[in-house]
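First up is the structure itself, then whatever we jot down about it.
Numbering (this note's numbering), first residue to last: 23 to 262.
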């Protein structure tokens, strides 16, 4: 069984960090559109993202949402955000349990919210996405009769048997709705799990938060001065 940890690093958003704990028998792959400098004995293999998408934000989600297209030779994959560093064997041990149980997908629950609609309001309030895009998506979900308080995942660490047909269908649908509506991938996944009747296992225990976990190091995303100004301006616009 071939297993891979993978991440995506596009533009100059984050720095590719080496894991402090190496999971034996796992490959580590970083998808990028840039030439990334790594240490001489880096665990990471660098692969170019096989897409002509010009928008860096969408490009960064290509491998994350479509692992069956870029990692077809692997049976098991774990996506991890580039700003998260593996520190201990916690993830490895948990994944071994999931493999033995035949789990198809597992993600950590969101530490703060349990509802897509609440997440949408937070995204608008912090200008993480344009108000109109989010509102359009929430109208779509309501028209689909998607209930409130159906759960929420953080999506920064995702375990998948990504070549299983049900997961391929999920990921293809995820990519489609991501491109049609908001580019906040949290706002569509739980809806699709519900719509496609796919059970998502809990990756870690209740209350787990990667930001204060002793098993990971969480580095906050770098934000340029210009991007910071743009976001503050969007906060003002989203109030109207």
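Idealized CB from N, CA, C, for every residue including glycine. For clarity, every value in this text was computed on a predicted model and none was experimentally measured.
Non-local beta-carbon contacts of residue 98 in its own chain, meaning distances under 7 Å to residues more than five positions away in sequence, involve 23, 25, 121 and 183 in chain order.
In this structure, the straight-line span from the alpha carbon of residue 213 to that of residue 39 is close to 32 Å.
Residue range 127 to 131 is occupied by the beta strand (DSSP E) that includes residue 128. Secondary structure of residue 44 (DSSP, three-state): coil. The DSSP assignment places complete beta strand (DSSP E) segments of no fewer than 3 residues inside the region 188 to 247 at 238 to 240, in order along the chain. Straight across, the Cα-Cα distance linking residue 232 with residue 43 is about 15 Å. Assigned with DSSP and collapsed to three states, residue 82 falls in helix.
DSSP places residue 26 in the strand class (E or B) of the three-state scheme. A direct Cα-to-Cα measurement between residue 234 and residue 85 gives close to 27 Å.
Judged by DSSP secondary structure, residue 71 falls outside any alpha helix (DSSP H); it is assigned neither H nor E. Just so you know, the alpha carbons of residue 237 and residue 205 end up roughly 29 Å apart. With a contact defined as Cβ atoms closer than 8 Å, residue 68 and residue 81 miss out at about 15 Å. For the 9 Å CB-CB criterion, residue 142 and residue 175 do not form a contact.
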